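Under the numbering used here, the residues of the sequence shown are numbered 35 to 429, in order.
The beta-carbon is built from N, C-alpha and C at its ideal position, and this holds for glycine as well.
This structure is a prediction, so every number in the text was calculated from the model and none was measured.
Notes to accompany the following structure.
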Amino acid sequence: MFHVVAGARPNFMKVAPILREMDRRGLECRFVHTGQHYDDAMSDTFLRELGIRAPDVHLGVGSGSHGVQTARVLTAFEAHLLQAPCACVVVVGDVNSTMACTLAASKLGVPVAHVEAGLRSFDRTMPEEINRVVTDAVADLLLVSEPAGLENLAREGVPPERVAYVGNVMIDTLVAELPAARSATILAELELAERSYAYVTLHRPATVDSKDRLEAAVALLECLSLQLPVVFAVHPRTRGRLEAGQLYERLSRNAAIRLLTPQPYRASLRLMASARMVLTDSGGIQEETSYLGVPCVTLRPNTERPVTTTVGTNVVVGEDVANAWGPIGEILAGRQRTGRPIPGWDGCAAGRIVDELVRRFAPGSIRGVPLSVDSSSAALLQALDSPGQARSDAS
Ligand code: UD1
35 MFHVVAGARP
45 NFMKVAPILR
55 EMDRRGLECR
65 FVHTGQHYDD
75 AMSDTFLREL
85 GIRAPDVHLG
95 VGSGSHGVQT
105 ARVLTAFEAH
115 LLQAPCACVV
125 VVGDVNSTMA
135 CTLAASKLGV
145 PVAHVEAGLR
155 SFDRTMPEEI
165 NRVVTDAVAD
175 LLLVSEPAGL
185 ENLAREGVPP
195 ERVAYVGNVM
205 IDTLVAELPA
215 ARSATILAEL
225 ELAERSYAYV
235 TLHRPATVDS
245 KDRLEAAVAL
255 LECLSLQLPV
265 VFAVHPRTRG
275 RLEAGQLYER
285 LSRNAAIRLL
295 TPQPYRASLR
305 LMASARMVLT
315 DSGGIQEETS
325 YLGVPCVTLR
335 PNTERPVTTT
345 VGTNVVVGED
355 VANAWGPIGE
365 ILAGRQRTGR
375 PIPGWDGCAA
385 GRIVDELVRR
395 FAPGSIRGVP
405 LSVDSSSAAL
415 LQALDSPGQA
425 RSDAS
């Protein structure tokens, strides 16, 4: 029996292919939703669109300070595990739920597998960085999505037998949903043409909780809107901060800036895939734009996903938001990065993940289903040393 945990919006895209692959192989698994995100727009709409089953267990923890939220997940998940023992807990990403479930399981002696292990921004002011470091220190199996993850874990002294490069499972969801996203009606509703606008998402505390940085980001969007319509999907945290600073009203009066509520997966994917450029502070969107070949400008001092800047289409602007004008100018002049394919970002990561899970934690439950790996971890590692050709068409 596996327990697969998700808690917040970016987790749902990662667990969907894993749950599907486990079901396909007839493996026993329970889907545990911690309830860190609870609004329909931040949670249930993703379960519906991605065809994720209703949670077998819902911990209902809700919002709170980091301490409160983490403690509630830890307490509730420990109580759940005591009732329902399992062979392995699978956690994904770097949200508070990821770390809390890892701690609860490890202390009960239940093995933990971490999907998207090894990412490091080296910035301990990010709550997600603390979650990553703690989760990887304690988890038993570290499933890595990007090449830098292997180097980071090796440098931290993690023995190689605890680590496997499996590629990027969020790209599995993108590949599966792209055809449906292409027929989403959001562009028509907004009366926007392909490649005629900038798509924006901002939500990190470092961007939106500091008044100066938030004002700098708003000024950037206002200037950019003089050249290109701006479509801004506003996260609940960001909306709260914009309203508190009287900036939401100011942005909403600008006819060239469209403020949207948090978008469902397919609408957001369509907006991203058809944008002239994307401005973001999200981790996942840096990866998705790299896969899509869409130029991405990341309004952060650093990234834990450096392959998106070396092989993908991402540029990280650094401390000063105004530095974004360099890459934005290049994109507007048609000189954007086109990027190359990244090994293991191929739509098949869930197969590799479940192969590793079964091999290590449930070897008796393969039930005659062949290991589905179409490219093994070893082959992927070879590919990392010889990246592919540049894309001929950024679209
Ligand atoms: C969390 C994750 C972050 C992830 C992001 C994606 C942590 C530390 N952070 O940040 O890594 O990139 O989710 O969205 O786990 N809220 C709602 N409705 C909801 C959920 C939250 O209104 O469904 C509000 C909360 O009340 C709070 C704010 O949004 O005021 C922030 O929510 P929180 O879960 O604390 O962190 P995020 O900023 O969403």
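By the three-class DSSP mapping on this structure, what secondary structure does residue 309 have?
The residue given as residue 309 occupies position 275 in the sequence shown. Three-state result, residue 309: coil.
Whole-angstrom distance between residue 181 and residue 223, CA atom to CA atom
Against the sequence shown, residue 223 aligns to sequence position 189. Against the sequence shown, residue 181 aligns to sequence position 147. In a straight line, the C-alpha of residue 223 is about 39 Å away from that of residue 181.
Residues in the same chain with beta-carbon distance under 7 Å from residue 18, minus the five sequence neighbours each way, listed in chain order, please.
Past the edges of the chain, shown from 35 to 429, lies residue 18, and the structure says nothing about it.
Rounded C-alpha distance that separates residue 132 from residue 153:
Sequence index remark: in the sequence shown, residue 132 carries index 98 (1-based). Sequence index remark: in the sequence shown, residue 153 carries index 119 (1-based). Whole-angstrom Cα-Cα distance: 14 Å.
Reduced DSSP category for residue 66 - H, G, I as helix; E, B as strand; rest coil
In the sequence shown, the residue the question calls residue 66 occupies position 32. It is a strand residue.
Note down the Cα distance separating residue 279 from residue 334, rounded to an integer number of angstroms.
Taking the first residue of the sequence shown as position 1, residue 279 is located at position 245. Taking the first residue of the sequence shown as position 1, residue 334 is located at position 300. Rounded to whole angstroms, residue 279 to residue 334 spans 21 Å at the Cα level.
Take residue 136 as the anchor and find which of 41, 186, 284 has the nearest alpha-carbon.
For the purposes of this step, residue 136 is taken as residue 102 along the sequence shown, with counting starting at 1. Selected option, being the one with the closest Cα: 41.
Exposed or buried, what is residue 102 when buried is set at 16 or more other beta-carbons lying within 10 Å of its beta-carbon?
Indexing the sequence shown from 1 puts residue 102 at position 68. Residue environment for residue 102: exposed (fewer than 16 other C-beta atoms within 10 angstroms of its C-beta).
N-terminal and C-terminal residue of the alpha helix (DSSP H) that residue 321 is part of
Within the sequence shown, residue 321 is the residue found at index 287, counting from 1. Element bounds for residue 321: 317–326.
Quick one: is residue 402 buried, meaning 16 or more other Cβ sit within 10 Å of its Cβ, or exposed?
Position 368 of the sequence shown, counting from 1, holds the residue named residue 402. Per-residue confidence for residue 402 stands at a pLDDT of 37, beneath the threshold of 50, marking its modelled position as unreliable; the derived number appears in the next sentence. With a 10 Å radius around the Cβ and a threshold of 16 neighbouring Cβ atoms, residue 402 comes out exposed.
Give me the Cα-Cα distance between residue 285 and residue 396, rounded to the nearest whole angstrom.
Locating residue 285 in the sequence shown gives position 251, where the first residue counts as 1. Locating residue 396 in the sequence shown gives position 362, where the first residue counts as 1. Straight-line Cα distance between these residues: approximately 53 Å.
Quick check: the region 70–78 against the region 151–171, are at least 3 beta-carbon pairs closer than 8 Å?
no
Look up residue 332 in the DSSP assignment and say whether it is helix, strand or coil.
Within the sequence shown, residue 332 is the residue found at index 298, counting from 1. Correct three-state label for residue 332: strand.
Among residues of its own chain, excluding the 5 on either side of residue 66, which ones have a beta-carbon nearer than 6 Å to its beta-carbon?
The residue labelled residue 66 in the question sits at position 32 within the sequence shown. Cβ neighbours of residue 66 beyond the five flanking positions: 37, 39, 91.
Below-7 Å beta-carbon distance, residue 308 vs any chain D residue:
Although the question refers to chain D, the structure presented lacks it and comprises just one protein chain.
Using CA atoms only, rank isn't needed, just tell me which of 347, 392, 382 is closest to residue 374.
Position 340 of the sequence shown holds residue 374. Minimum Cα distance to residue 374 is reached at 347.
Contact defined as beta carbons within less than 8 Å: I believe residue 107 pairs with residue 95. What is the distance between those atoms, to the nearest angstrom?
Counting from 1 along the sequence shown, the entry for residue 107 is found at position 73. Counting from 1 along the sequence shown, the entry for residue 95 is found at position 61. Right, the Cβ-Cβ distance comes to about 5 Å (below 8 Å), so this counts as a contact.
Pairwise C-alpha distance: residue 81 and residue 88
What you label residue 88 is simply residue 54 of the sequence shown in a count that begins at 1. What you label residue 81 is simply residue 47 of the sequence shown in a count that begins at 1. Cα to Cα, the separation comes out at about 7 Å.
Since residue 218 contacts residue 301 with CB under 8 Å, what's their CB separation in whole angstroms?
Here residue 218 refers to the residue found at position 184 of the sequence shown. Here residue 301 refers to the residue found at position 267 of the sequence shown. Contact between residue 218 and residue 301 holds: their C-beta atoms lie close to 5 Å from each other, under 8 Å.
Could you check what DSSP says for residue 202 in three-state terms: helix, strand or coil?
As a first step, residue 202 is located in the sequence shown; it is residue number 168 there, counting from the start. The answer is coil: DSSP assigns residue 202 none of H, G, I, E or B.
Return yes when the C-beta of residue 336 is under 6 Å from any heavy atom of the ligand UD1, and no when it is not.
Position 302 of the sequence shown, counted from the first residue, corresponds to residue 336. Taking 6 Å as the cut-off, one finds no heavy atom of the ligand UD1 near enough to the beta carbon of residue 336.
DSSP beta-bridge partners for residue 291?
Translated into positions along the sequence shown, residue 291 becomes position 257. Residue 291 is bridged to 264.
Just tell me which of 83, 109, 119, 100 has its CA closest to the CA of residue 93.
As a working note, residue 93 is residue 59 in the sequence shown. Nearest C-alpha to residue 93 among 83, 109, 119, 100: 109.
Tell me whether residue 69 is buried or exposed, calling it buried when 16 or more other Cβ atoms sit within 10 Å of its Cβ.
Your numbering for residue 69 matches position 35 in the sequence shown. Residue 69 should be labelled buried.
Does residue 320 pass the burial test, meaning 16 or more other C-beta atoms within 10 Å, or should it be called exposed?
Locating residue 320 in the sequence shown gives position 286, counting from the first residue. The residue is buried, with at least 16 neighbouring Cβ atoms inside 10 Å.
Could you check what DSSP says for residue 257 in three-state terms: helix, strand or coil?
What you label residue 257 is simply residue 223 of the sequence shown in a count that begins at 1. Residue 257 falls in the helix class under three-state DSSP.
Using three-state DSSP, classify residue 150 as helix, strand or coil.
Position 116 of the sequence shown, counting from 1, holds the residue named residue 150. Correct three-state label for residue 150: strand.
Local conformation of residue 367 per DSSP, three classes:
Counted from its first residue, the sequence shown places residue 367 at position 333. Reduced to three states, the DSSP call for residue 367 is coil.
How would you label residue 195, buried or exposed, when you count the other beta carbons within 10 angstroms and need 16 or more for buried?
Locating residue 195 in the sequence shown gives position 161, where the first residue counts as 1. Answer is exposed; the Cβ neighbour count stays below 16.
Buried versus exposed call for residue 245 [16 or more other C-beta atoms within 10 Å across all chains shown]:
Within the sequence shown, numbered from 1, the residue matching residue 245 stands at position 211. Residue 245 should be labelled exposed.
Opposing strand residues paired with residue 430 [DSSP bridges]:
Since the first residue shown for the chain is 35 and the last is 429, residue 430 is missing from the structure and cannot be characterised.
Using the C-alpha atoms, what's the distance from residue 287 back to residue 267?
To locate residue 267, count along the sequence shown from 1; it is residue 233. To locate residue 287, count along the sequence shown from 1; it is residue 253. Those two C-alpha atoms are separated by around 16 Å.
Over the uninterrupted beta strand (DSSP E) stretch that includes residue 122, give me the two end residues.
For the purposes of this step, residue 122 is taken as residue 88 along the sequence shown, with counting starting at 1. Residue 122 -> beta strand (DSSP E) spans 122–126.
In whole angstroms, give me the CA-to-CA distance for residue 105 and residue 134.
Here residue 105 is taken as the residue at index 71 of the sequence shown, counted from 1. Here residue 134 is taken as the residue at index 100 of the sequence shown, counted from 1. Approximately 7 Å, taken between the alpha carbons.
If you run the structure through DSSP and keep just helix, strand and coil, what is residue 113?
Here residue 113 corresponds to residue number 79 of the sequence shown, with the count starting at 1. Helix at residue 113.
Are the beta-carbon atoms of residue 233 and residue 305 separated by less than 7 Å?
Here residue 233 refers to the residue found at position 199 of the sequence shown. Here residue 305 refers to the residue found at position 271 of the sequence shown. In contact: residue 233 and residue 305 (Cβ atoms closer than 7 Å).
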